[in-house]
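K.L.:
Could you have a look at this structure, given as structure tokens, before my questions?
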Amino acid sequence: MASDTQSLTVISGPPGVGKTALALSWLYRHSDDFPDGELYVDLEGHRTDNLIAPSTVLPRFLHALGTEPDHVPADLAEQTALFRTVTAGRRIAVLCDNAKSAAQVRPLIPASAGGVCVVTSRWQLAPLLLDGATMASLEPLTTDSAVELLGRIAGQGRVAADETAARKLVMSCGRFPLAVCVEAALLATRPERSITSVVAGLLATLPSATPDEEVSMNACLDQSYDALLDDDARQLYRRIGLHPGSEFSTDTAEAIAAAHPPVHDVTYLLATLVDASLLTTAAPDRYRFHDLIQDHARSRAQRDDTAEQRADIVRRIVEHYLAVADAADRVLYPLRRRPEPVYAGPPPYVEPFTAPRAALARLDSERTNLLPVQRLAAESALHRAVWQLADAYWALFIYRPYHQDWISSHQLGLDGARADNHLLGEARLSNGLGVALREAGQCEEALRVFEDAQALRRRLGDRRGEALVLHHTGLAHRDLGDLGQASKALRTALALREETGDTRGIARGLSALGEVESLAGRHEQAITCLSKAREMIKGTGDRTVEPLIERLLGQAHLRAGDLTNARVHLSSALDALSDMDDVAEEGTTLEALAELAQEEDDAAAAQDFHARARAIYGRTRRADRREMTGE
Numbered sequence: 001m002a003s004d005t006q007s008l009t010v011i012s013g014p015p016g017v018g019k020t021a022l023a024l025s026w027l028y029r030h031s032d033d034f035p036d037g038e039l040y041v042d043l044e045g046h047r048t049d050n051l052i053a054p055s056t057v058l059p060r061f062l063h064a065l066g067t068e069p070d071h072v073p074a075d076l077a078e079q080t081a082l083f084r085t086v087t088a089g090r091r092i093a094v095l096c097d098n099a100k101s102a103a104q105v106r107p108l109i110p111a112s113a114g115g116v117c118v119v120t121s122r123w124q125l126a127p128l129l130l131d132g133a134t135m136a137s138l139e140p141l142t143t144d145s146a147v148e149l150l151g152r153i154a155g156q157g158r159v160a161a162d163e164t165a166a167r168k169l170v171m172s173c174g175r176f177p178l179a180v181c182v183e184a185a186l187l188a189t190r191p192e193r194s195i196t197s198v199v200a201g202l203l204a205t206l207p208s209a210t211p212d213e214e215v216s217m218n219a220c221l222d223q224s225y226d227a228l229l230d231d232d233a234r235q236l237y238r239r240i241g242l243h244p245g246s247e248f249s250t251d252t253a254e255a256i257a258a259a260h261p262p263v264h265d266v267t268y269l270l271a272t273l274v275d276a277s278l279l280t281t282a283a284p285d286r287y288r289f290h291d292l293i294q295d296h297a298r299s300r301a302q303r304d305d306t307a308e309q310r311a312d313i314v315r316r317i318v319e320h321y322l323a324v325a326d327a328a329d330r331v332l333y334p335l336r337r338r339p340e341p342v343y344a345g346p347p348p349y350v351e352p353f354t355a356p357r358a359a360l361a362r363l364d365s366e367r368t369n370l371l372p373v374q375r376l377a378a379e380s381a382l383h384r385a386v387w388q389l390a391d392a393y394w395a396l397f398i399y400r401p402y403h404q405d406w407i408s409s410h411q412l413g414l415d416g417a418r419a420d421n422h423l424l425g426e427a428r429l430s431n432g433l434g435v436a437l438r439e440a441g442q443c444e445e446a447l448r449v450f451e452d453a454q455a456l457r458r459r460l461g462d463r464r465g466e467a468l469v470l471h472h473t474g475l476a477h478r479d480l481g482d483l484g485q486a487s488k489a490l491r492t493a494l495a496l497r498e499e500t501g502d503t504r505g506i507a508r509g510l511s512a513l514g515e516v517e518s519l520a521g522r523h524e525q526a527i528t529c530l531s532k533a534r535e536m537i538k539g540t541g542d543r544t545v546e547p548l549i550e551r552l553l554g555q556a557h558l559r560a561g562d563l564t565n566a567r568v569h570l571s572s573a574l575d576a577l578s579d580m581d582d583v584a585e586e587g588t589t590l591e592a593l594a595e596l597a598q599e600e601d602d603a604a605a606a607q608d609f610h611a612r613a614r615a616i617y618g619r620t621r622r623a624d625r626r627e628m629t630g631e
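Residue numbering for the sequence shown follows UniProt numbering, beginning at 1 and increasing consecutively.
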């Protein structure tokens, strides 16, 4: 894995052989060679039902490398091209862990001569030879190396005192590093146990003297599981094995522990499982399973717990994620009209979020769990939770352009609403899916979905909801460049909103219509619409829409050539954003001010505004997201 030229290395081998540990160790030792950053993704190739697509990974990589959110395309080919452009000339390292196929990896390879991409996989991934890959195949450790590893964890003196038993132990582990580490952790936490007794217990469960990795790992894990002194630790281990993703938070474990009979002292028990090498810490208050260990935990739950107990745990997992998303959404969109979550049991307690940024960060940290949790809910016939999860996660996708996850989540949610026979849920998820498709650049498909959403709102007799769908229909036409159809749809939506007395909706509709009029060059009409929207939104308490309208007014005056009023409204918008956490809107306003400075031939000011905008981009989503509130 030379770091002086662009390098692609594939480390393959059976599970538990140490592929990821080797890759991380090498990258740690060479971290100084990659001053422009190191990127990591678990492609979850061991989970055939939950492969991570490159189109999901690239937006995160591009954000981490400083690309403005609005500049991340939805199309995979365009994302790949942008990633190659961004990484050209940068010395970065990319670790693609647990890859299943060459197709998963190719778009994630950096283009720079000084970059490195390291891939771990259970498969050879021979097609990557065409990309210049170097192949490294790992086998189990030699007996001497396995004994040395055992000694590093359990104590060299202890191993030296009974080397014959130590050699038997590592041979019984198949000399797989993961199995050896589990047994070593058992010895380290049980100083009263001899290596000979551990070997005897392990050999008693093995069907042969030369077990394969699955047999040896299961035997080792059974022994470590049985050796846990606290029955609560065994119970928590089994329960969290039912979690659909490999990573989870402390409060998720606490929600799982609350199942009957409840398990207490969760933080202590998690530390116990870490000490036993059954879990690792992924970040503060977050834990991760190795996939082999999680499979074992799940198998113990199947063996040791009843179907009713497992169903209760699954319900608690699903409803915990729903409660977290609901709490975050209430902070990110306090005026959003959304049905109250319906829980099968008592509503789970979730610590309230104190700031939008914290709420968004939590949703983002759980993004890789969203689709697995939705699928788990669907498999468990928790259909209402499936669509409510998609609905509650709306804010994440408005702020973060994970287009494919957005579409997939809302498609799952739409299927869940239909299975739940919940017409309002179906209408909401249809509209949300249409917005997701429009955001991904699939405007024609979005218009077809909006037609379905419109029909559903009519069946419900929901005139306000019908206006919302028409509003988004207008935005889709706007994105297609059909300003005539956009104006027609927005005006029809406005008439419905006036009929229902939806003051906030009228203001939002007028602002969208004003933007369309401005883009069409009808400056007087645009400024009239936007000025009326500005007056209507005052006093509603909607502090998020006010700066948006000010910014649109400033841009409308700018297009009309009225630089003085453009500066007044753009400066007002920036002032209104000063005590808010709406950094994306702030970035767009700064860009508009930069355009104004250019019109005024003030190159230094324009450069300064652009620099300030770049400095805050990447922390949130689209600047026009207030048009997309999922009412």
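We put the beta carbon where it would ideally sit given N, CA and C, even for glycine.
Within its chain, find whatever has a CB closer than 6 Å to the CB of residue 288; leave out the 5 residues flanking it on each side and keep chain order.
P.N.:
Contacts found: 246, 247, 280 and 282.
K.L.:
Tell me, please, which residues DSSP counts as bridged to residue 99.
P.N.:
DSSP output for residue 99 lists 121 as bridge partner(s).
K.L.:
Helix, strand or coil for residue 92, going by three-state DSSP, please let me know.
P.N.:
Residue 92: coil per DSSP, three-state reduction.
K.L.:
Who are the Cβ neighbours of residue 367 in its own chain at under 7 Å, not counting the five residues just before and after it?
P.N.:
Only 396, 402 and 405 meet the Cβ criterion.
K.L.:
Along the alpha helix (DSSP H) that carries residue 504, what are the first and last residues, could you check?
P.N.:
Counting along the chain, the alpha helix (DSSP H) containing residue 504 begins and ends at 503-519.
K.L.:
Using 9 Å as the threshold, is the C-beta distance between residue 317 and residue 252 below it?
P.N.:
Result yes, Cβ atoms of residue 317 and residue 252 sit closer than 9 Å.
K.L.:
Would you tell me roughly how many angstroms separate the C-alpha atoms of residue 59 and residue 79, rounded to the nearest one?
P.N.:
If I take the Cα positions, the gap works out to 8 Å.
K.L.:
Near residue 373, which residues of its chain fall below 8 Å by C-beta distance, leaving aside the five closest residues on each side in sequence?
P.N.:
Cβ neighbours of residue 373 beyond the five flanking positions: 244, 245, 317, 318, 321 and 389.
K.L.:
Tell me which residues share the same chain as residue 163 and place their Cβ nearer than 8 Å to its Cβ, disregarding the 5 neighbours each side in the sequence.
P.N.:
Hits under 8 Å: 147.
K.L.:
In terms of residue numbering, what span does the beta strand (DSSP E) encompassing residue 42 cover?
P.N.:
Segment 38-42, the beta strand (DSSP E) holding residue 42.
K.L.:
Under 9 Å between the Cβ atoms of residue 62 and residue 86?
P.N.:
Yes, these two residues count as a Cβ contact at 9 Å.
K.L.:
Since residue 17 and residue 140 are thought to touch, with beta carbons under 8 Å apart, how far apart are those beta carbons, to the nearest angstrom?
P.N.:
Confirmed, about 6 Å.
K.L.:
Check whether the Cβ atoms of residue 415 and residue 381 sit closer than 9 Å, and answer yes or no.
P.N.:
Taking 9 Å as the Cβ cut-off, residue 415 and residue 381 do not qualify as a contacting pair.
K.L.:
Among 108, 90, 235 and 242, which has the Cα closest to the Cα of residue 266?
P.N.:
For residue 266, the nearest C-alpha among the options comes from 235.
K.L.:
What is the residue span of the beta strand (DSSP E) that residue 247 lies within?
P.N.:
That run of the beta strand (DSSP E) goes 247-249.
K.L.:
Could you check what DSSP says for residue 277 in three-state terms: helix, strand or coil?
P.N.:
It is coil, neither helix nor strand.
K.L.:
Measuring CB atoms only, is the region 498-506 touching the region 515-530, in the sense that at least three cross pairs come out at less than 8 Å?
P.N.:
Touching, no, given that fewer than three Cβ pairs across the two stretches are closer than 8 Å.
K.L.:
Considering only C-alpha positions, which residue in the set 612, 165, 153 and 31 is nearest to residue 276?
P.N.:
The shortest C-alpha separation from residue 276 is found at 153.
K.L.:
What does DSSP give as the partner residue(s) for residue 272 in the beta ladder?
P.N.:
For residue 272, which the question treats as bridged, DSSP gives no partner whatsoever.
K.L.:
Could you tell me which residues DSSP puts in a beta bridge with residue 8?
P.N.:
Residue 8 pairs with 117.
K.L.:
Out of 68, 573, 54 and 89, which one is the CA nearest neighbour of residue 75?
P.N.:
With distances taken between Cα atoms, residue 75 lies closest to 54.
K.L.:
Determine the DSSP secondary structure at residue 287, reduced to helix, strand or coil.
P.N.:
Note: residue 287 maps to strand in three-state DSSP.
K.L.:
Find the nearest neighbour of residue 659 within the set 250, 35, 407 and 554, judged by alpha-carbon distance.
P.N.:
The requested residue 659 does not occur in the structure, where the chain is confined to residues 1 to 631.
K.L.:
Sorted by chain position, which residues of the same chain lie with C-beta nearer than 6 Å to residue 105's C-beta, five sequence neighbours on each side aside?
P.N.:
Counting only Cβ-Cβ distances below 6 Å, and skipping sequence neighbours, we find 96, 99 and 119.
K.L.:
Beta carbon of residue 150, beta carbon of residue 180: below 9 Å?
P.N.:
Result yes, Cβ atoms of residue 150 and residue 180 sit closer than 9 Å.
K.L.:
Return the chain-ordered ranges of every beta strand (DSSP E) run that is complete within the region 410-460 and spans a minimum of 3 residues.
P.N.:
Listed in chain order, nothing qualifies, since the region 410-460 has no complete beta strand (DSSP E) run of 3 or more residues.
K.L.:
Can you check DSSP and say which residues form a bridge with residue 137?
P.N.:
Residue 137 pairs with 12.
K.L.:
Span of the alpha helix (DSSP H) holding residue 547?
P.N.:
Unbroken alpha helix (DSSP H) run through residue 547: 545-559.
K.L.:
Mapping DSSP to helix, strand and coil, what is residue 282?
P.N.:
Three-state result, residue 282: strand.
K.L.:
Buried or exposed for residue 209, going by 16 or more other Cβ atoms inside 10 Å?
P.N.:
Any answer about residue 209 is weak, because its pLDDT of 46 lies below 50 and its placement is not dependable; what the coordinates show is given next. Residue 209 is exposed by the Cβ-count criterion.
K.L.:
How long is the line joining the alpha carbons of residue 495 and residue 475, rounded to whole angstroms?
P.N.:
Going from the Cα of residue 495 to the Cα of residue 475 covers about 16 Å.
K.L.:
Assuming residue 321 is part of the alpha helix (DSSP H), what are its boundary residues?
P.N.:
Its alpha helix (DSSP H) spans residues 307-332.
K.L.:
Considering residue 263, what are the terminal residues of the alpha helix (DSSP H) in which it resides?
P.N.:
Where residue 263 is concerned, there is no enclosing alpha helix (DSSP H), given that its DSSP letter is neither H nor E.
K.L.:
Should residue 174 be labelled buried (16 or more other beta-carbon atoms within 10 Å of its own) or exposed?
P.N.:
Buried, since its Cβ has 16 or more Cβ neighbours within 10 Å.
K.L.:
Assess, as a yes-or-no matter, whether the region 321-335 is touched by the region 355-364 under the definition of 3 or more beta carbon pairs within less than 8 Å.
P.N.:
Yes: the two stretches touch, three or more of their Cβ pairs being nearer than 8 Å.
K.L.:
Comparing alpha-carbon positions, which option in 538, 567, 536 and 169 lies nearest residue 551?
P.N.:
It is 567.
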